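Structure record follows, encoded as structure tokens.
In the numbering used here, the protein residues as written are 0 to 247.
Have a look at this one:
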């Protein structure tokens, strides 16, 4: 299963930046603004809900690779058929407030079903649920890679409860996903994308932890101004611009 050619170099440089509009965001104008900000800010690719109409909209706004996200394999297949470039199972953050959780067995089953529907040539990313203990996250990541996942994504920021404001609070918010990236990147050979609760302060920490790229959503998609979104994307690109040496 290949990595999309439009992403390969960025992952090899460990500077990939995915801008996320939200798995449950079907507001066309909000999605348009996020996609335009990703394009103009210099991101590597965008991630939108697995809705064919949104895929068509995004394609009119950007030449960047388009990732579609869902937790139903059939929705992923529909998004790919509509012209998306790659697919993502998860992330699961938006479901936790509803009391919906995902077990390791369920995520593994979703991965196998998605791979069977999408075929061997579509890049498939899978999120590891952060509610699992770290050792179980690493074990699941290994199983997901064996089942056909080309990328592994981490999560955790939305359930983190920072005790401080400012920079210290940003680091506290990112701690769960940073820990997951460190643990999982040691367990798998496929690229790890660290996501959830990241900022320009903590994105380089994700790379230092072993990730090959980062995914950022709420720091951008909750802003009201497209110009402000572009500014945040550019700050993230700049934060990833300088290589980080990982010590194992």
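C-beta: ideal position from N, C-alpha, C; glycine also. For clarity, every value in this text was computed on a predicted model and none was experimentally measured.
Within the DSSP secondary-structure output, residue 50 pairs in no beta bridge. Within the model, the alpha-carbon separation for residue 27 versus residue 53 is close to 7 Å.
Following the DSSP letters along the chain, one finds residue 231 inside the alpha helix (DSSP H) bounded by residues 225-238.
If you check the CB distance, residue 154 and residue 126 come in under 7 Å. Rounded to whole angstroms, the separation of the alpha carbons of residue 118 and residue 47 is 21 Å. With contacts defined as CB atoms closer than 7 Å, residue 191 and residue 199 fail to qualify as a contacting pair. Per DSSP, the unbroken alpha helix (DSSP H) holding residue 106 starts and ends at 103-117. Residue 4 sits exposed, since fewer than 16 C-beta atoms from the chains shown fall within 10 Å of its C-beta.
In this structure, the alpha-carbon of residue 62 lies about 24 Å from that of residue 202. Going by DSSP, residue 124 is part of the beta strand (DSSP E) stretching over 122-126. In the three-state reduction of the DSSP assignment, residue 202 falls in the helix class, which pools H, G and I. Setting aside the 5 residues that flank it on each side, residue 131 is surrounded in the same chain by 103, 139, each with a C-beta closer than 8 Å to its C-beta; the list follows chain order. By the 16-neighbour rule on beta-carbons within 10 angstroms, residue 23 is exposed. For residue 160, DSSP records no beta bridge to any residue.
One alpha carbon belongs to residue 226, the other to residue 36, and they sit about 7 Å apart. Annotation: the continuous alpha helix (DSSP H) that includes residue 165 extends over 165-184.
Judged by DSSP secondary structure, residue 87 falls outside any alpha helix (DSSP H) and instead within the beta strand (DSSP E) spanning 85-88. Our two residues, residue 108 and residue 14, have alpha carbons roughly 30 Å apart in a direct line. Taking each of 189, 122, 207, 217 in turn and checking the Cα distance to residue 241, the smallest one comes out for 207.
Burial is judged here by how many other beta carbons sit within 10 angstroms of a residue's own beta carbon; residue 152 has at least 16 and is buried.
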